[in-house]
Amino acid sequence: MHTPHPGHAWHERTQKPEREAPKKHVPRVPSTETEWTCPMHPEVVQNRPGSCPKCGMALEPKAFREEAGEDREYVDMKKRLVVSAALSIPLFLLAMSDLLPSDPVGRALSPRGLVLLELVLATPVVVYGAKPFFERAVLSLKTRSLNMFTLIGLGIAAAYGYSLVAALLPSLFPPAIRDHRGTVPVYFEAAAVITTLVLVGQVIELRARTRTSHAIRALLSLAPKKARRVRDGHEEDVLASGLAIGDELRVRPGERVPTDGTILQGDSSIDESMITGEPIPVDRSPGDRVTGGTLNGDGALLMRADQVGEDTLLAKIVALVAEAARSRAPVQKTVDRVSAWFVPAVIAVAVIAFVLWLLVGPEPRLPHALVAAVSVLIIACPCALGLATPMSIMVATGTGAHAGVLVKNGSALETLAQVTALVVDKTGTLTEGKARVHEVFIPEGEDRDAVVRLVAMAELASEHPLARAVVADARERGLDLGSPHEGAARAVRGKGVVAELTIDGRAREILFGSPALLCERSVEIPESAVAKAESLRQNGATVSFAAIGGRWVGLWALLDPVRSNARTVVHELERRGIRVVMLTGDARTSARAVARHLDLHEADVFAQVLPEDKAVMVERLAERGNVVAMAGDGINDAPALAAADVGIAMGTGTDVAIESASVILVKGDLKGISRAFRLGHATMRNIRENLILAFGYNALAIPIAAGVLYPLFGWLLSPMIAAAAMSFSSVSVIANALRLRHALARPETTG
Numbered sequence: 020m021h022t023p024h025p026g027h028a029w030h031e032r033t034q035k036p037e038r039e040a041p042k043k044h045v046p047r048v049p050s051t052e053t054e055w056t057c058p059m060h061p062e063v064v065q066n067r068p069g070s071c072p073k074c075g076m077a078l079e080p081k082a083f084r085e086e087a088g089e090d091r092e093y094v095d096m097k098k099r100l101v102v103s104a105a106l107s108i109p110l111f112l113l114a115m116s117d118l119l120p121s122d123p124v125g126r127a128l129s130p131r132g133l134v135l136l137e138l139v140l141a142t143p144v145v146v147y148g149a150k151p152f153f154e155r156a157v158l159s160l161k162t163r164s165l166n167m168f169t170l171i172g173l174g175i176a177a178a179y180g181y182s183l184v185a186a187l188l189p190s191l192f193p194p195a196i197r198d199h200r201g202t203v204p205v206y207f208e209a210a211a212v213i214t215t216l217v218l219v220g221q222v223i224e225l226r227a228r229t230r231t232s233h234a235i236r237a238l239l240s241l242a243p244k245k246a247r248r249v250r251d252g253h254e255e256d257v258l259a260s261g262l263a264i265g266d267e268l269r270v271r272p273g274e275r276v277p278t279d280g281t282i283l284q285g286d287s288s289i290d291e292s293m294i295t296g297e298p299i300p301v302d303r304s305p306g307d308r309v310t311g312g313t314l315n316g317d318g319a320l321l322m323r324a325d326q327v328g329e330d331t332l333l334a335k336i337v338a339l340v341a342e343a344a345r346s347r348a349p350v351q352k353t354v355d356r357v358s359a360w361f362v363p364a365v366i367a368v369a370v371i372a373f374v375l376w377l378l379v380g381p382e383p384r385l386p387h388a389l390v391a392a393v394s395v396l397i398i399a400c401p402c403a404l405g406l407a408t409p410m411s412i413m414v415a416t417g418t419g420a421h422a423g424v425l426v427k428n429g430s431a432l433e434t435l436a437q438v439t440a441l442v443v444d445k446t447g448t449l450t451e452g453k454a455r456v457h458e459v460f461i462p463e464g465e466d467r468d469a470v471v472r473l474v475a476m477a478e479l480a481s482e483h484p485l486a487r488a489v490v491a492d493a494r495e496r497g498l499d500l501g502s503p504h505e506g507a508a509r510a511v512r513g514k515g516v517v518a519e520l521t522i523d524g525r526a527r528e529i530l531f532g533s534p535a536l537l538c539e540r541s542v543e544i545p546e547s548a549v550a551k552a553e554s555l556r557q558n559g560a561t562v563s564f565a566a567i568g569g570r571w572v573g574l575w576a577l578l579d580p581v582r583s584n585a586r587t588v589v590h591e592l593e594r595r596g597i598r599v600v601m602l603t604g605d606a607r608t609s610a611r612a613v614a615r616h617l618d619l620h621e622a623d624v625f626a627q628v629l630p631e632d633k634a635v636m637v638e639r640l641a642e643r644g645n646v647v648a649m650a651g652d653g654i655n656d657a658p659a660l661a662a663a664d665v666g667i668a669m670g671t672g673t674d675v676a677i678e679s680a681s682v683i684l685v686k687g688d689l690k691g692i693s694r695a696f697r698l699g700h701a702t703m704r705n706i707r708e709n710l711i712l713a714f715g716y717n718a719l720a721i722p723i724a725a726g727v728l729y730p731l732f733g734w735l736l737s738p739m740i741a742a743a744a745m746s747f748s749s750v751s752v753i754a755n756a757l758r759l760r761h762a763l764a765r766p767e768t769t770g
């Protein structure tokens, strides 16, 4: 945000030359190459779908594409699941028939025939259904990155491999381990059912990941496919992808705005809820900006295209959310460190369990040992642990995007939950940022219209909000300002503007800004003017002084109204334990007037702060033990945004500020900041819940699978039960993460 020197609202302003005719834009041809990456390990990137060599998780495309159909990995896993389930169900019933008193299958088939039938049913399941798991397990061994598929592959291979040898070469096994029918026990049904249950978990996981991106794809689909272009007095329907910068477009009532641009003619109400989260339409008129995909109300508009294709706000939101969804919060480092030793530890536990059951277990020892080892390998699968953080971040970033809160990375979400101090600029954040001229005081003897006209001409080339207010006031008075005089005016850092204008053949020096600017040029300001300025500042006005030809000629009082919801949101943030600190370059009296309205403590108001001091103030707050968030929107805010623990940029601000921040608010006000904090708290709470579910599940399940309850209750966990429990743990983590979709829909709380 631009912050002024004492008594003025500027710190640095750029004088812009006359606008050149907009250059035609050559539409970009979308690249056909898609990069695929791992949601848990974003550094893994390849140009085709596949599996992550580190964790085995299915890779996903880096970019959201509206035309993308069902995910190929998801479709493939569903096919494998259908085949595996169709064979595993009869296989399971066949294996369980031996427990029935009548044993109808046993009477129809010989024991050997029954085993061979189980072999025939189980083999396609293991060879086809479990193929992706074996591939990922082998890859994990090659890359020395043991993961959940290492355990799954070992478990299925152990159960099927043992059963295969028992079925084909039963003579290798001693009589002691044979059952009452004289056959060696086999676990084909365990290998098949484990495969099927793991496939169920994979399909649910892939479907959940697809749903997190589906919401963003739905957002992208809001951009109209066609636009009505106006050229040489004729209107024609064209593809929106073929639009160029500078095209004039007609937007009829009830249509969606085809691209980002500026209204040239017409007035209407625009529903911007898709990007701001605000359900109330906003009035738009000539000169106002409109965003592609928003819904026009009952007015017809003529607009100019300013951004097209990948440069539109909607396209940038989609790209930003895609990137953020793949990022990792710092808490993930803890999960990574645990995972690094977790898989080897599980394998060690499985080996120990196998040896102990083989040495001291009840007869038949070998089958018991095998069941215990396979159960440990399957039930300890760390997929729930691996999903705990990425799923929460993926869902949270999508949820934030729909509420106008764009988060660049998972680290920002974690930091938002820890913030204790929020630094905000006054203008545009606490206030509306649309200054209006409240009063113009011109002393007697001066030509009022001439003075107002010259000051407005000096400000004509500036993009600063207060400069625009001065210009708008002059035009409302019916004064002719002409065009900006290129190079005629220059900004004086933190003080105002100096202009050299030639009017009617006569050179004039115009000064407009703070008292310090006029004093430097030896311009005397009457005491009565100083007193009046102080009185106006007490009411929150920003006062600027004008001098022409070395003589003071008047003062301007400009008011930037405090946002209607600012006080409520400030109180809500303070209830969360967040200290709100206001930094502004404006005069102390003006800053205090705003602070009084918002009930801010005087110790938390810092006025007359020069741009270069903003970052220093942020650093001082951090040195006192605060986790600092900085909200701003101007070029001068960029250093402070970068210095803060988390920077929050207003989407209406400069590109430099947006690039320096980790969080972007499409609609720049405190309500958006409050949403960002709520999202951060909800995300970290959700991640903690997921980690408790994952760690608690493994801590409880592994000892049971190893057989610690057998001496007390005679319970030995079946590998099939272990596989079902493992799948349930993943589903519970996914279901919990999906709750974040409603995090910003709930009433505000101080959690």
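Note that this note's numbering has the sequence shown beginning at 20, numbered continuously upward. Heads up, the beta-carbon is just placed ideally off N, CA and C, and yes, glycines get one too.
- Counted as a single uninterrupted DSSP element, the beta strand (DSSP E) harbouring R509 occupies residues 508–511.
- Inclusion of L191 and V184 in the CB contact set at 8 angstroms is warranted, their separation being smaller than that value.
- In terms of Cβ geometry, L435 and A242 do not form a close pair [threshold 8 angstroms].
- Within the same chain, Cβ atoms closer than 6 angstroms to the Cβ of V393 are found at G174, A177, A178, P738, the five residues on either side in sequence being excluded.
- When secondary structure is reduced to three states using DSSP, E433 falls in the helix class.
- DSSP places Q557 in the helix class (H, G or I) of the three-state scheme.
- Judged by their CB atoms, S609 and G559 are nearer to each other than the 8 angstroms cut-off.
- Residue state for L173 is assigned as helix, using DSSP reduced to three classes.
- The Cβ-Cβ distance between A510 and L520 does not fall below 8 angstroms.
- Shown here for A614: same chain residues with a beta carbon closer than 6 angstroms to its own, the five before and five after excluded, namely V624 in chain order.
- Judged by pairs of C-beta atoms under 8 angstroms, the segment 693–708 touches the segment 751–760, as three or more such pairs exist.
- As the crow flies, the alpha-carbon of G596 is around 18 angstroms from that of A663.
- Within the segment 579–656, the runs of alpha helix (DSSP H) that reach at least 4 residues and sit entirely inside it are, in chain order, 585–594, 607–617, 630–642.
- For G419, the secondary structure class from DSSP, reduced to helix, strand or coil, is helix.
- By the neighbour-count criterion, in which a residue is buried when 16 or more other Cβ atoms sit within 10 angstroms of its Cβ, G532 is buried.
- Distance check between G651 and each of G644, R643, N645, A661 places A661 closest, using alpha-carbon atoms only.
- When the alpha-carbon of V101 is set against those of P534, I667, L218, the nearest one is in L218.
- A direct Cα-to-Cα measurement between E291 and T281 gives close to 15 angstroms.
- Contact between L619 and M601 holds: CB atoms are separated by about 6 angstroms, below the 8 angstroms threshold.
- Counting every other CB atom within 10 Å of its CB across the protein chains shown gives N66 a total below 16, marking it as exposed.
- Secondary structure of L110 (DSSP, three-state): helix.
- About 5 angstroms separates the beta carbons of A565 and V474, which is inside the 8 angstroms limit, making them a contact pair.
- The beta carbon of L377 is closer than 6 angstroms to those of R384, A388 in its chain, skipping five residues each way along the sequence.
- Judged by DSSP secondary structure, E458 falls outside any alpha helix (DSSP H) and instead within the beta strand (DSSP E) spanning 455–460.
- The beta carbon of G318 sits closer than 6 angstroms to the beta carbons of G285, D286, S287 from its chain, once the five residues preceding and following it are set aside; these are given in chain order.
- One alpha carbon belongs to V424, the other to E433, and they sit about 15 angstroms apart.
- L689 places its beta carbon less than 8 angstroms from that of L449.
- DSSP places L321 in the uninterrupted beta strand (DSSP E) bounded by 320–326.
- Cβ-Cβ separation between L106 and A211: approximately 7 angstroms, consistent with a contact (criterion under 8 angstroms).
- By the Cβ criterion, the segment 201–208 is in contact with the segment 132–152, since at least three pairs of Cβ atoms, one from each stretch, lie closer than 8 angstroms.
- The beta carbon of V222 sits closer than 8 angstroms to those of Y93, M96, K97, L100, all from its chain and outside the five residues before and after it, given in chain order.
- In this structure, the straight-line span from the alpha carbon of I397 to that of R697 is close to 37 angstroms.
- The C-alpha of I461 lies about 22 angstroms from the C-alpha of D523.
- Burial check for T603: the Cβ neighbour count within 10 Å reaches 16 or more, so the residue is buried.
- Around the beta-carbon of T313, 16 or more other beta-carbon atoms lie within 10 Å, marking it buried.
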